[in-house]
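Sequence order for the protein chains is A and B. The numbering of the first sequence is the numbering used here, which starts it at 1 and goes up by one. The numbering of the second sequence is the numbering used here, which starts it at 301 and goes up by one. For each residue, glycine too, the CB sits at the ideal point set by N, CA and C. Because the structure is a prediction, the values reported are computed rather than measured. Scroll down for the structure; my scribbles are underneath it.
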Amino acid sequence: MTLLSLLTPDRKADRQADRVVPPSGHTAWLTSFTAGAMAFLAVFALALSLAAGRLADRWSDALERTATVRLSAPEDQMDLQTKAVLAVLSTTPGIASSRAMTDAEQRDLLKPWFGPDLPVDALPLPRLIEVTESGAGYDGEGLRQRLAAEAPGAVLDDHTRWRRPLAVAAGRLRLLGLLSIALIGTATAAMITLAASAALAANTQVVRVLRQVGARDAYIARAFVRRFTLRAISGAAVGTVLGMIGVALLPSTDTAGSFLTGLGFQGLGWLYPLTLPPLVAVVAFAATRAAAFRKLRELT
Amino acid sequence: MIAFDNVAYSYGGGELLSEISLRLAPGSFHFLTGPSGAGKSTFLKLCYGELLPSAGRITLFDREVRSLSRDDIALTRRRIGMVQQDCQFLDHLPLAANVALPLTVAGKVSVPQDLSDLLGWVGLGQLADALPPSLSGGERQRAALARAIIIGPDVVLADEPTGNLDWEMSLRLLTLLVELNRMGKTVLIATHDLNLIRQAKAQVAARVLRISKRRVQLAGADL
Ligand SMILES: Nc1ncnc2c1ncn2[C@@H]1O[C@H](COP(=O)(O)OP(=O)(O)O)[C@@H](O)[C@H]1O
Ligand SMILES: [Mg+2]
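Encoded structure:
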C-alpha cells in the first residue's frame, strides 16, 4: 500500500473497499476539522518564519561592521583634531582600521542632496572618519569618552549597532516559526492517530466480519487509511486556502508598522503553503496506517 | 483436508476438549453433536483457525495452523465457508453486498446473475436490498450460508444452522447442504437436533461425531 495508489480515485476495488467501513460520523468530521485547523495555523507559522527570515537577513546585512566619527571644528583646528581622532582610534582595541574621507568622497556622499556643484571647501562641513570594527567589536562608551577628551568636536555615530539584537531576535523568531510548524505536524499526527484508533475500536464487529470472510489485515487497514487520508487532505486544503486568504488580507507595507512589513508571502513564497495539504496527507497516511496495523494486531 | 492430531483445547480453566484425533476427508458429510456447552462451537472455531489448539496439531489443507501467518489464515478462510451460530453482518450494507463480501475482500467481482441465483437458492431473492438488522433469525442464517459458499470453498462449516428455523425451513437448509456435498464440498454441521440428523441420513452418507466427556467420537448407528 503506497500513498499514491491509495489516492488514485477511480479504482473499482477501492470504491468497494471504501464501502465496507461504515460512514463514521464524528471521527471523520474531527479528522477533517483537525487537519483544516492545523493547516490554517501552519500557514501563519510559515508566513511568520519566512518574514522573520527576511528580516534577519536584511538586518544582518545592514550590520556592516562600520561606524563613522563626525568631526566639527574651526577650520584652523580641523587637521589637528583629525590627527588626534585617528590616533585615538588606532589605539582603541576592537578597531581594525580608520580613515579620514577625502573631500572628493564627501562631495560624492552629499551629491544626491545638494547637486554636483557643491563648493565643499566653502562650507563648514564636518570631516567624516570611517571606522571598521574588528571581530569582537569595541567599547562604544569608552571610545566616546576618550574622543571627548582628545577631540571635543568629534561625535561617534554607530547607529547601525542597535540593530544587532534585532537581527538576533528575528533569527530566533524564524526558528520559533519552524518549531511551531514541526509541533503542528506532530499534533496533527497524534490527533489523526487517535481518531483512526477510535474508529477501528468502534468498528470491531466490522473487523470481525471482514476477518471471517477472509480479508487480510492490509485490506482492512487500507479501507480505514484511505478514508482518513482523504479526509485529512481535503480538510488541509480548505484550511490552507483560508490561511492564505488571511495572509493576503493582512495590512500592506504602507499602512502597517515596520515590523509587519512583509509579514506575508512574496513571489514564489506563495508556493510554500501549497505544500501543506500533501504534507498533511503524508502525515495522515503514515499515522493511520501505523494505528490501523497496531489495532488490528490487538483485535485477534 | 482438516486433521486433528491429539488436540486439546481450554479457554484458560480446565480442558474443554482433549485427545482429539480425527480426519475430515474431502467430500465427507459429518454432523457434530453433543449437549449444549460441550464444545461444538469451540471445535468448529478450531477447524477454522479462529482458535489455536492448547496442545496437539491441527492441519488445514496440509499445513499446521500454528505455522500459518495472519495472511495465510485469511487465505485459508477463503477455502472454508463458515456459518457462525450468531451470524454477524455489516449492518450498513444491503444483504446482497454482504453475501458478496468474501468476493469483495478477495478483490474479485461478483457476477450479478450468480449473486441473484444464489440469493434465490437460499430463498432470499426478494430481500437483496434489505439491511441485515431488518432480517429475521432464519433469514440471517440462510444469508450466512449464502455468504459462506459464494466464493466456492472446499469446506462448509455450519454451527447450529437450523437453530432459528422451523422444521420446514430446516429441511430446506439441510437440502441445500446436501446439495453442496453432492457438488463435492466437505460439510460439517454442529447441531443437537437429532431429527435433522435422521433426516439427513436418509439423503446422504452422513457420519455423526459426538462430544462426550471432552472427547470427540464417532457415534454408532443408534441414532
Ligand atoms: N470465549 C470463551 N471464553 C471462555 N469460555 C468460553 C468461551 N467460549 C465458550 N466458552 C465455554 O466453553 C464451553 C463450550 O462452549 P461452546 O463451544 O460454545 O459449546 P457448544 O457450542 O457445544 O454449546 C462453554 O462452557 C462455554 O461457556
Ligand atoms: Mg455452540
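Would you say residue i and residue j are within 8 Å of each other, going by their C-beta atoms?
i	j	result
A/Phe306	A/Leu50	What the structure shows of chain A is the stretch from 1 to 300, and residue 306 of chain A is not part of that stretch, so it cannot be assessed.
A/Thr240	A/Ala39	yes
A/Leu210	A/Val20	yes
A/Val213	B/Val405	yes
A/Thr68	A/Glu141	no
A/Asp157	A/Arg54	no
A/Leu46	A/Tyr272	yes
B/Ile292	B/Phe331	Residue coverage of chain B in this structure runs from 301 to 523, which leaves residue 292 of chain B outside it and unanswerable.
A/Gly235	A/Gly36	yes
B/Leu352	B/Arg363	no
B/Leu419	B/Ser410	no
B/Gly381	B/Ile449	yes
A/Thr204	A/Leu299	yes
A/Thr188	A/Thr92	no
B/Ala505	B/Phe329	yes
A/Leu128	A/Gln106	yes
A/Asp18	A/Ala223	yes
Taking the continuous alpha helix (DSSP H) assigned at residue i, which residues delimit it?
i	result
B/Thr359	First-last for B/Thr359: Ala355 to Leu360, but that is the beta strand (DSSP E), not the alpha helix (DSSP H).
A/Thr229	Asp217 to Ala248
A/Ala154	Here A/Ala154 belongs to no alpha helix (DSSP H); instead the beta strand (DSSP E) covers Ala154 to Asp157.
B/Ala500	Leu494 to Lys501
A/Trp113	Asp103 to Phe114
B/Pro412	Pro412 to Trp421
B/Met469	Trp467 to Arg482
A/Gln212	Thr204 to Gln212
B/Val405	Leu401 to Val405
B/Gly438	Gly437 to Ile449
A/Glu298	Leu276 to Glu298
A/Gly137	Careful: A/Gly137 lies outside any alpha helix (DSSP H) and carries neither H nor E.
A/Ser24	Element bounds for A/Ser24: n/a, residue is neither H nor E.
A/Lys83	Met78 to Ser90
B/Ala374	Arg370 to Arg377
Measure from the C-beta of residue i to each C-beta in chain B and report whether the shortest distance is under 8 Å.
i	result
A/Val299	Per the sequence shown, residue 299 of chain A should be read as Leu rather than Val. Output row for A/Leu299: interface = no.
A/Leu210	yes
A/Arg222	no
A/Ala256	A caution first: A/Ala256 carries a pLDDT of 47, below 50, which makes its placement in the model too unreliable to give a value.
A/Val206	yes
A/Val213	yes
A/Ala287	no
A/Ala292	no
Quick one: list the residues of chain B neighbouring residue i, beta-carbon separation under 8 Å, in chain order.
i	result
A/Val20	Leu390, Leu393, Leu401, Thr404 and Val405
A/Gln266	Within chain B, no residue comes near A/Gln266; the closest Cβ sits about 50 Å away, beyond 8 Å.
Going by DSSP, name the residue or residues bridged to residue i.
i	result
B/Leu509	B/Leu332 and B/Leu518
B/Tyr309	B/Leu317
B/Leu344	Paired residue(s): none; B/Leu344 is not in a bridge.
B/Met382	B/Leu457
B/Asn324	With the sequence shown as reference, residue 324 of chain B is identified as Leu, and Asn is not the correct amino acid for it. Answer is B/Ile302, bridged to B/Leu324.
B/Ile489	B/Phe331 and B/Ala458
B/Val365	Bridge partners of B/Val365: none, in fact.
A/Val69	A/Ile129 and A/Leu156
List the residues of chain A that residue i touches, going by C-beta distances under 8 Å, in chain order.
i	result
B/Met301	Here the premise fails: no neighbours, minimum Cβ distance about 17 Å.
B/Arg366	Within 8 Å Cβ-Cβ: nothing; B/Arg366 doesn't reach chain A, min ~14 Å.
B/Arg447	Val213
B/Arg377	Arg211, Gln212, Val213 and Gly214
List the residues of chain B that residue i touches, going by C-beta distances under 7 Å, in chain order.
i	result
A/Tyr219	Val405
A/Val43	What A/Val43 touches in chain B: nothing, since even the nearest Cβ is about 37 Å away.
Please list, in chain order, the chain A residues whose beta carbon lies closer than 9 Å to that of residue i.
i	result
B/Arg442	Within 9 Å Cβ-Cβ: nothing; B/Arg442 doesn't reach chain A, min ~16 Å.
Report yes or no: is there a C-beta of chain A within less than 8 Å of the C-beta of residue i?
i	result
B/Arg363	no
B/Leu427	no
B/Met382	yes
B/Ala525	This structure does not reach residue 525 of chain B, given that chain B is present from 301 up to 523, and the question cannot be answered.
B/Arg323	no
B/Leu509	no
B/Ser310	no
Using a Cβ cut-off of 7 Å, pull out every chain A residue sitting near residue i, in sequence order please.
i	result
B/Asp371	Arg216
B/Leu488	Chain A residues near B/Leu488: none, gap ~16 Å exceeds 7 Å.
What residue range is occupied by the uninterrupted beta strand (DSSP E) comprising residue i?
i	result
A/Ala96	Ile95 to Ala100
A/Arg318	Absent from the structure is residue 318 of chain A, since the part of chain A shown begins at 1 and ends at 300.
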